[in-house]
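> Sharing a structure with you now.
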Amino acid sequence: MIEEKIKNFLNKAVKELRIEPFDFSIEISKEKDYGDYSSNIAMILAKKENKNPLEIASIIKEKIKDKIFEKVEVAGPGFINFFLSDEYLGEELKKVLKEKKEYGCLKRKKKETVIVDYSGVNIAKPFGIGHLRSTVIGQAIYNMYKCLGYKVLGDNHIGDWGTQFGKLIYAIKEWGDKKIQDYSVKDLVSLYIKFHEESEKHPEMINEARQWFERLEKGDKEARRIWKECVKTSLKEFDRVYSMLGINIDMTLGESFYEPMLKDVVEEALEKGVVQKSQGALIIPLKTLPPLMILKSDGSTLYSTRDLAAIRHRVKKFKPSLIIYEVGSEQSLHFKQVFESAELLGWIKKEKLVHVPHGLIRLKTGKMSTRKGEIIFLQDVLEEAVRRAEEIIERKNPDLKEKKKIAKIIGIGAVKYNDLSSHPSTDIIFDWDKILNLEGNSGPYLQYACLRAKKILKKSKTKLVLKKIEFTKKEEKNLARKIQQYPFVLEKAAESFSPNLISNYLFDLSKEFNSFYENIPVLKAEENKSLRLSLVYSASLILEKGLEILGIEVPEEI
RNA sequence: GCCCUCGUGGCUCAAUUGGAUAGAGCAAGAGAUUUCUAAUCUCUAGGUUGCAGGUUCGAGUCCUGCCGAGGGCACCA
Numbered sequence: 013m014i015e016e017k018i019k020n021f022l023n024k025a026v027k028e029l030r031i032e033p034f035d036f037s038i039e040i041s042k043e044k045d046y047g048d049y050s051s052n053i054a055m056i057l058a059k060k061e062n063k064n065p066l067e068i069a070s071i072i073k074e075k076i077k078d079k080i081f082e083k084v085e086v087a088g089p090g091f092i093n094f095f096l097s098d099e100y101l102g103e104e105l106k107k108v109l110k111e112k113k114e115y116g117c118l119k120r121k122k123k124e125t126v127i128v129d130y131s132g133v134n135i136a137k138p139f140g141i142g143h144l145r146s147t148v149i150g151q152a153i154y155n156m157y158k159c160l161g162y163k164v165l166g167d168n169h170i171g172d173w174g175t176q177f178g179k180l181i182y183a184i185k186e187w188g189d190k191k192i193q194d195y196s197v198k199d200l201v202s203l204y205i206k207f208h209e210e211s212e213k214h215p216e217m218i219n220e221a222r223q224w225f226e227r228l229e230k231g232d233k234e235a236r237r238i239w240k241e242c243v244k245t246s247l248k249e250f251d252r253v254y255s256m257l258g259i260n261i262d263m264t265l266g267e268s269f270y271e272p273m274l275k276d277v278v279e280e281a282l283e284k285g286v287v288q289k290s291q292g293a294l295i296i297p298l299k300t301l302p303p304l305m306i307l308k309s310d311g312s313t314l315y316s317t318r319d320l321a322a323i324r325h326r327v328k329k330f331k332p333s334l335i336i337y338e339v340g341s342e343q344s345l346h347f348k349q350v351f352e353s354a355e356l357l358g359w360i361k362k363e364k365l366v367h368v369p370h371g372l373i374r375l376k377t378g379k380m381s382t383r384k385g386e387i388i389f390l391q392d393v394l395e396e397a398v399r400r401a402e403e404i405i406e407r408k409n410p411d412l413k414e415k416k417k418i419a420k421i422i423g424i425g426a427v428k429y430n431d432l433s434s435h436p437s438t439d440i441i442f443d444w445d446k447i448l449n450l451e452g453n454s455g456p457y458l459q460y461a462c463l464r465a466k467k468i469l470k471k472s473k474t475k476l477v478l479k480k481i482e483f484t485k486k487e488e489k490n491l492a493r494k495i496q497q498y499p500f501v502l503e504k505a506a507e508s509f510s511p512n513l514i515s516n517y518l519f520d521l522s523k524e525f526n527s528f529y530e531n532i533p534v535l536k537a538e539e540n541k542s543l544r545l546s547l548v549y550s551a552s553l554i555l556e557k558g559l560e561i562l563g564i565e566v567p568e569e570i
C-alpha cells in the first residue's frame, strides 16, 4: 500500500539523520496542486527537536528519490508533498486491471475474526427508519472488513426478550380481540402504544407487566405461547424489509437466545466477586461510571445481563479480535458500562469492544416517539422511493425494459446512500426530498457514472492491453490519480468505522469520471485509446466494488 | 442537578482526528445537446465555523465560561 511505501521512505530518511522513530501521518493531499500525498513529519519533528520545520522538511526531502515520485516538494508551514510519477500511476492502473474487484482488498494468512452486531430490530415494534441506519451502516462495516481479509460474522441482535413483552402480553390479554396469530405488527404496535397511554393513568399496570415478564422468564406456558407468536409475526414482516434492502445477516440470535446462559453469567459474576447487592438488586460497581444492574430486585434479568451473556458466548465460541456494535448513540453509556464489566469479568479487553454509535433520525418538526405513535415505517419510505424513481424513468426513458426492477435498484440505492454519505454519528433530519434525492450527491449519481463507463466498455471492440503510459490530457491524469487513492480510502474507512469516507470518495471519483467523460473521447479517440479504455474500466470496477461495499446495486441500464 | 453528543453559506452535509486558501450537493443565476453525453458537464454568487476568552508555529477541531438543540442518568431496551 502506498501509505507504507511513503512511510518507509520517510522512516529511512529519519534513521539516516539518527533520530528515533516516531509517529506521523500520511494523508491524501487536500488539493491537486499539493500533490497526491502529504506528510506532516517535518512539523512533528520540528516540535520535538525545537527546530524550524521548513529546514527539516527540506533535509528530509533531499533524501527521498524514487521512480514512484515525479517530484517531492516542501510547502506551506512544512508539509512534504509527494507527486506520483506517471510510471507509478500506470503501474497502479495495471494492478486494477489485473486484480479487478480485488483491488484494494487484502488477503491475510492468519484470519482474525470480527463480529459486527447490527440492525437489532425489536420484535413487536416497527422496523422504522432508525433501524435503517444501523442496518445499512452495519452492513457496510461488515463488507469493508471482509474486503480487508478478516473473517467477519454478522449478528442481528434482535430485541425479542425483556419487560416490553410483559407490557405487550398484558395489553393483548386486556384489550386483544382476535387470535394471537392474526395480529399484524401494526396491531401489536398499537397495543404497545395503548399500554403506554393507559399506564400513565394507571401506574399499577407497569407492575403487572413486570409480573408477566417474570412469568415469561420462568417458562409460563401461556406467556411463552403469546411471545412465540409475536416473534414469528414480526420476523416474517422484517424479512420482507430485509429482502427489499437486499440484506442478509449471518446470524439472528437475539436476546432470547442467551436466556439459558443468564444464570451462569450471574453465578460467574458472584464467584468472581465483581457484584454487589443494592436495594434488593444485583449490580456491578464500576470505577468512573454508574453501576451496571444485572438483576432486578424481583430476580428477573435485564438488557445488560443479556448483553454480557452475548459477549461471553461470542468470546468463547468465536474468539473474535474485535466486536463492533452498530447501535444508536443513546446507548453510549450502556455500552461503556457493559464493556467495562466484561473486562472486570476477565472475558475480553474493553479495547476490543467498539460501539459505533449512530445519530438519531429526527423530523424537521422535532423528535419522533414510538410510544406516541410518531413512526415512519421503513417499508413506506422504500416504497415511496421506488415510486419516485419510477416516475422519473417514465418521464426520461419510457421505453426502458424492466422499469420496475430498475426503479427498485435506484430508489433503494438512493435511500441507502443518503444514510451512508454522512458520518454515522451525526443526527439526520428526515426529509423526503433529501432522502429521495436522485441528483447531485446521491446514489443514482454514482450508479449513473458507473453505467456510463460500462456502456463505453460494452461498445468497445478493442482488447484491453495497457503498454505505454503517457498522459496527454489533464483529465486522464486526474482520473488516474483519483483511482489509485481507493485502497488508501478503504483502509481508513475500515479503521475509523466510517463508510461515509467511501461514499465521499466514490462521489469524487464519479465527478472526476464525469468530467473526463464530457471532455475526452474514448471510442473515437485517435490517440491514447488503450490508456483511456483502461481508465474507464478501472473507474467502473472501483465504482461497482465500492457501491457493493456500501450495499448499493448498479442497474444494467437507466 | 450531573454526564455525553452536537452547533459550519438559505437548506442538507464534508473537512483524512491539530495543518495549507473551510469543501460539496440542493436551492438561486448564466451557459453547453449533429458526439461514448443531460439522473450530466462548465461558470457565477453565497462564510467572522453559536458567542466570549485561552493554549501554539498553526484551532471548525484542544481547554474554560456562556447561549442553543438532542440524548442519557439502576429495576426500559
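Numbered by the working numbering, the letters in the first sequence go through residues 13 to 570 in order.
Quick reminder that beta carbons are idealized off the backbone N, C-alpha and C, glycines included.
With H, G and I counted as helix, E and B as strand and the rest as coil, what does DSSP make of TYR270?
coil
> Do the CB positions of GLU338 and SER146 come within less than 8 Å of each other?
yes
> Distance, Cα to Cα, SER202 vs ALA221?
16 Å
> When we look at the beta-carbon of ARG30 and count the other beta-carbons within 10 Å, is it buried (16 or more) or exposed?
exposed
> Go through its chain and collect everything with a Cβ distance to ARG374's Cβ below 8 Å, but skip five positions before and after it.
Answer for ARG374: MET380, ASP439, ILE440, ILE441 and PHE442, listed in chain order.
> For GLU229 versus THR317, is the C-beta spacing smaller than 8 Å?
no
> Measure the CB-CB distance between ALA492 and LEU547 and report whether it falls below 8 Å.
yes
> What's the C-alpha gap between PRO456 and GLY258?
The alpha-carbon atoms of PRO456 and GLY258 are separated by roughly 17 Å.
> Work out the CA separation of LYS107 and VAL148 for me, nearest whole Å.
30 Å
> If we call anything under 8 Å between Cβ atoms a contact, is SER51 one with PHE81?
Against a cut-off of 8 Å, the Cβ pair of PHE81 and SER51 comes out as no contact.
> Is VAL427 helix, strand or coil by DSSP?
helix
> Between the C-alpha atoms of GLY132 and SER341, what's the straight-line distance to the nearest angstrom?
Roughly 14 Å separates the two Cα atoms.
> Quick one: give me the first and last residue of the beta strand (DSSP E) that MET305 is part of.
304–307
> Check for me: the alpha helix (DSSP H) holding SER472 runs from which residue to which?
Premise fails: SER472 is in no alpha helix (DSSP H) and is neither H nor E.
> What do you get for PHE34, buried or exposed, if any count of 16 or more other CB atoms within 10 angstroms of its CB means buried?
With fewer than 16 other Cβ atoms within 10 Å, it is exposed.
> Curious, which full-length alpha helix (DSSP H) runs of at least 4 residues does the region 352–420 contain?
390–408
> Measuring CB to CB, does VAL164 end up less than 8 Å from VAL126?
Going by C-beta atoms, VAL164 is nearer than 8 Å to VAL126.
> Are the beta-carbon atoms of ALA69 and GLY563 separated by less than 8 Å?
Cβ distance not < 8 Å, so ALA69 and GLY563 don't count as in contact.
> Roughly how many whole angstroms lie between the Cα atoms of TYR498 and TRP173?
42 Å
> On the DSSP letters alone, give me the boundaries of the alpha helix (DSSP H) that LYS494 sits inside.
From DSSP, the alpha helix (DSSP H) with LYS494 extends over 486–495.
> Distance check for SER552 and GLU487, CA to CA, integer angstroms please.
16 Å
> Is it true that the CB of TYR549 sits closer than 8 Å to the CB of LEU476?
yes
> Is ASP167 near LEU320, with beta carbons less than 8 Å apart?
no
> Going by beta carbon distance, what residues of the same chain come within less than 7 Å of PHE177, once the five residues before and after it are set aside?
PHE225, LEU228 and TRP239
> Just the Cα atoms here: how many angstroms apart are GLU280 and PRO302?
Here the C-alpha atom of GLU280 lies approximately 21 Å from the C-alpha atom of PRO302.
> Output the distance between the C-alpha atoms of GLY423 and LYS289, rounded to the nearest integer angstrom.
Spanning the two alpha carbons is a distance of roughly 53 Å.
> Just to confirm before moving on: does the CB-CB distance between PHE500 and ILE14 stay below 8 Å?
yes
> Mind checking whether TYR162 and LEU180 have CB atoms under 8 Å apart?
Taking 8 Å as the Cβ cut-off, TYR162 and LEU180 do not qualify as a contacting pair.
> So, with DSSP's three-state summary, where would you put SER527?
helix
> Could you check where the alpha helix (DSSP H) with ILE53 kicks off and where it finishes?
53–61
> Please classify GLY150 as buried or exposed, where buried requires at least 16 other C-beta atoms within 10 Å of its C-beta.
buried
> Determine the direct distance from the alpha carbon of PRO138 to that of LEU247, and round the result to whole angstroms.
11 Å
> Give the range of the alpha helix (DSSP H) segment to which TYR130 is assigned.
TYR130 -> no alpha helix (DSSP H), and no H or E assigned at all.
> Which one of VAL128, LYS213 and LEU372 has the shortest CA to CA distance from ILE261?
VAL128
> Closer than 6 Å by C-beta to TYR517: which residues in its own chain qualify, once you throw out the five before and the five after it? Chain order, please.
Taken in chain order, the residues that qualify are VAL501.
> Would you kindly check if the distance between the Cβ of TYR195 and the Cβ of THR245 is under 8 Å?
yes
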